[in-house]
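Residue numbers (the numbering used here): 1 to 159.
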(Lines of atoms letter the chains of each structure in order from A; the text may use other names.)
(Lines give C-alpha, C1' and ligand atoms only; values in the text may rest on other atoms or scores of the structure.)
Protein backbone atom coordinates (compact mmCIF):
# COMPACT_ATOMS: atom_id res chain seq x y z
CA UNK A 1 0.00 0.00 0.00
CA UNK A 2 1.59 3.17 -1.24
CA UNK A 3 5.03 1.54 -1.35
CA UNK A 4 5.07 0.80 2.39
CA UNK A 5 5.98 -2.63 3.77
CA UNK A 6 2.93 -4.91 3.56
CA UNK A 7 2.12 -8.29 5.12
CA UNK A 8 -0.21 -11.08 4.02
CA UNK A 9 -2.72 -11.70 6.81
CA UNK A 10 -3.05 -15.44 6.18
CA UNK A 11 -0.50 -16.46 8.83
CA UNK A 12 -0.10 -14.16 11.84
CA UNK A 13 1.54 -14.34 15.25
CA UNK A 14 -0.46 -11.85 17.32
CA UNK A 15 -0.39 -10.37 20.81
CA UNK A 16 -4.07 -11.17 21.41
CA UNK A 17 -4.33 -9.18 24.66
CA UNK A 18 -3.11 -6.04 22.88
CA UNK A 19 -5.35 -6.69 19.88
CA UNK A 20 -8.42 -7.22 22.05
CA UNK A 21 -7.74 -3.92 23.82
CA UNK A 22 -7.83 -2.20 20.41
CA UNK A 23 -10.77 -4.25 19.14
CA UNK A 24 -13.28 -1.43 18.68
CA UNK A 25 -10.83 0.79 16.79
CA UNK A 26 -9.86 -2.12 14.56
CA UNK A 27 -13.52 -2.98 13.85
CA UNK A 28 -14.27 0.63 12.89
CA UNK A 29 -11.31 0.72 10.51
CA UNK A 30 -12.38 -2.64 9.05
CA UNK A 31 -15.87 -1.30 8.34
CA UNK A 32 -14.42 1.87 6.82
CA UNK A 33 -12.14 -0.17 4.52
CA UNK A 34 -14.71 -2.81 3.56
CA UNK A 35 -14.39 -1.89 -0.12
CA UNK A 36 -10.59 -2.17 -0.28
CA UNK A 37 -9.06 -4.82 -2.54
CA UNK A 38 -7.70 -7.10 0.19
CA UNK A 39 -10.31 -6.17 2.83
CA UNK A 40 -9.25 -7.28 6.32
CA UNK A 41 -5.62 -7.61 5.23
CA UNK A 42 -5.53 -3.98 4.07
CA UNK A 43 -7.15 -2.83 7.32
CA UNK A 44 -4.63 -4.78 9.41
CA UNK A 45 -1.76 -3.27 7.40
CA UNK A 46 -3.06 0.27 7.93
CA UNK A 47 -3.78 -0.30 11.63
CA UNK A 48 -0.44 -1.96 12.42
CA UNK A 49 1.75 0.06 10.03
CA UNK A 50 5.36 0.04 11.30
CA UNK A 51 4.35 -2.17 14.26
CA UNK A 52 5.00 -5.62 12.83
CA UNK A 53 7.88 -7.96 12.05
CA UNK A 54 8.10 -10.27 9.04
CA UNK A 55 7.95 -13.98 9.83
CA UNK A 56 10.71 -16.19 8.48
CA UNK A 57 9.65 -18.16 5.40
CA UNK A 58 10.01 -21.27 7.58
CA UNK A 59 6.92 -20.09 9.50
CA UNK A 60 5.03 -18.63 6.52
CA UNK A 61 6.11 -20.31 3.29
CA UNK A 62 3.87 -18.80 0.61
CA UNK A 63 3.76 -17.92 -3.08
CA UNK A 64 4.83 -21.38 -4.22
CA UNK A 65 1.69 -22.41 -6.10
CA UNK A 66 -1.06 -20.14 -7.30
CA UNK A 67 1.09 -17.03 -7.75
CA UNK A 68 4.43 -18.71 -8.48
CA UNK A 69 4.28 -17.97 -12.20
CA UNK A 70 4.00 -14.22 -11.60
CA UNK A 71 7.34 -12.40 -11.20
CA UNK A 72 7.89 -10.93 -7.76
CA UNK A 73 11.00 -9.42 -6.21
CA UNK A 74 9.88 -10.68 -2.77
CA UNK A 75 9.42 -14.23 -4.07
CA UNK A 76 12.77 -14.18 -5.88
CA UNK A 77 14.48 -13.06 -2.66
CA UNK A 78 12.90 -15.96 -0.73
CA UNK A 79 14.37 -18.62 -3.06
CA UNK A 80 11.47 -20.84 -2.02
CA UNK A 81 12.84 -24.24 -3.00
CA UNK A 82 16.52 -23.58 -2.31
CA UNK A 83 17.54 -26.39 0.11
CA UNK A 84 19.70 -23.96 2.10
CA UNK A 85 16.71 -21.69 2.84
CA UNK A 86 14.13 -22.00 5.64
CA UNK A 87 11.31 -22.30 3.11
CA UNK A 88 12.71 -25.58 1.73
CA UNK A 89 11.60 -27.29 4.95
CA UNK A 90 8.73 -25.10 6.20
CA UNK A 91 6.88 -25.56 9.48
CA UNK A 92 3.81 -23.76 8.05
CA UNK A 93 2.87 -23.81 4.37
CA UNK A 94 0.57 -20.90 3.52
CA UNK A 95 -1.53 -21.86 0.51
CA UNK A 96 -2.38 -18.54 -1.12
CA UNK A 97 -5.08 -18.24 -3.74
CA UNK A 98 -7.37 -15.92 -5.64
CA UNK A 99 -8.31 -12.56 -4.18
CA UNK A 100 -11.85 -12.69 -2.78
CA UNK A 101 -13.38 -15.12 -5.30
CA UNK A 102 -17.03 -14.45 -6.13
CA UNK A 103 -19.64 -16.45 -4.20
CA UNK A 104 -20.72 -18.07 -7.46
CA UNK A 105 -17.19 -19.38 -7.99
CA UNK A 106 -16.90 -20.75 -4.47
CA UNK A 107 -20.23 -22.57 -4.73
CA UNK A 108 -19.88 -23.70 -8.35
CA UNK A 109 -19.90 -27.44 -8.93
CA UNK A 110 -17.58 -26.86 -11.89
CA UNK A 111 -15.03 -24.34 -10.60
CA UNK A 112 -14.59 -25.39 -6.95
CA UNK A 113 -11.78 -22.96 -6.03
CA UNK A 114 -11.96 -24.13 -2.41
CA UNK A 115 -10.52 -27.45 -3.58
CA UNK A 116 -8.44 -26.26 -6.53
CA UNK A 117 -7.17 -22.97 -5.16
CA UNK A 118 -3.87 -23.85 -3.49
CA UNK A 119 -2.11 -24.97 -6.65
CA UNK A 120 -4.51 -25.12 -9.57
CA UNK A 121 -6.90 -22.18 -9.54
CA UNK A 122 -6.96 -20.36 -12.87
CA UNK A 123 -4.37 -22.72 -14.36
CA UNK A 124 -1.63 -22.04 -11.81
CA UNK A 125 1.35 -24.41 -11.80
CA UNK A 126 1.81 -27.36 -9.44
CA UNK A 127 2.55 -26.76 -5.78
CA UNK A 128 5.52 -28.53 -4.12
CA UNK A 129 3.36 -29.43 -1.10
CA UNK A 130 0.35 -30.62 -3.09
CA UNK A 131 0.41 -34.17 -1.64
CA UNK A 132 0.51 -32.90 1.94
CA UNK A 133 -2.45 -30.59 1.23
CA UNK A 134 -4.53 -33.49 -0.12
CA UNK A 135 -3.68 -35.65 2.90
CA UNK A 136 -4.90 -32.90 5.24
CA UNK A 137 -8.00 -32.28 3.09
CA UNK A 138 -9.01 -35.96 3.37
CA UNK A 139 -9.16 -35.57 7.17
CA UNK A 140 -11.54 -32.57 7.09
CA UNK A 141 -15.16 -33.56 7.66
CA UNK A 142 -16.88 -30.23 6.81
CA UNK A 143 -18.55 -30.08 3.42
CA UNK A 144 -20.78 -27.46 1.86
CA UNK A 145 -24.21 -29.07 1.55
CA UNK A 146 -26.25 -28.25 -1.54
CA UNK A 147 -29.34 -27.55 0.58
CA UNK A 148 -27.38 -24.84 2.46
CA UNK A 149 -26.23 -22.99 -0.67
CA UNK A 150 -28.83 -20.22 -0.50
CA UNK A 151 -28.23 -19.70 3.23
CA UNK A 152 -24.46 -19.63 2.65
CA UNK A 153 -24.77 -17.12 -0.20
CA UNK A 154 -26.87 -14.82 2.00
CA UNK A 155 -24.37 -15.06 4.86
CA UNK A 156 -21.40 -14.34 2.57
CA UNK A 157 -23.16 -11.32 1.05
CA UNK A 158 -23.47 -9.79 4.55
CA UNK A 159 -19.69 -9.78 4.95
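Cβ atoms here follow ideal geometry from the backbone N, Cα and C, with glycine treated the same way.
Residue i (DSSP reduced to helix, strand or coil)
i, result
"residue 3", "coil"
"residue 9", "coil"
"residue 61", "strand"
Contacting residues, own chain, Cβ-Cβ under 7 Å from residue i (five flanking each side not counted)
i, result
"residue 4", "49"
"residue 91", "58 and 59"
"residue 40", "9 and 30"
"residue 52", "7"
Cut-off 8 Å between Cβ atoms - residues of its own chain near residue i, not counting five sequence neighbours on either side
i, result
"residue 94", "8, 10, 11, 60, 61 and 62"
"residue 55", "11 and 13"
"residue 6", "45"
"residue 217", "For residue 217 there is no data in the structure shown, the boundaries of the chain being 1 and 159."
Nonlocal neighbours in the same chain, by C-beta distance under 6 Å from residue i, ignoring five residues either side
i, result
"residue 26", "47"
"residue 21", "none"
For residue i, the nearest candidate out of the options (CA to CA)
i, options, result
"residue 89", "128, 96, 38 and 17", "128"
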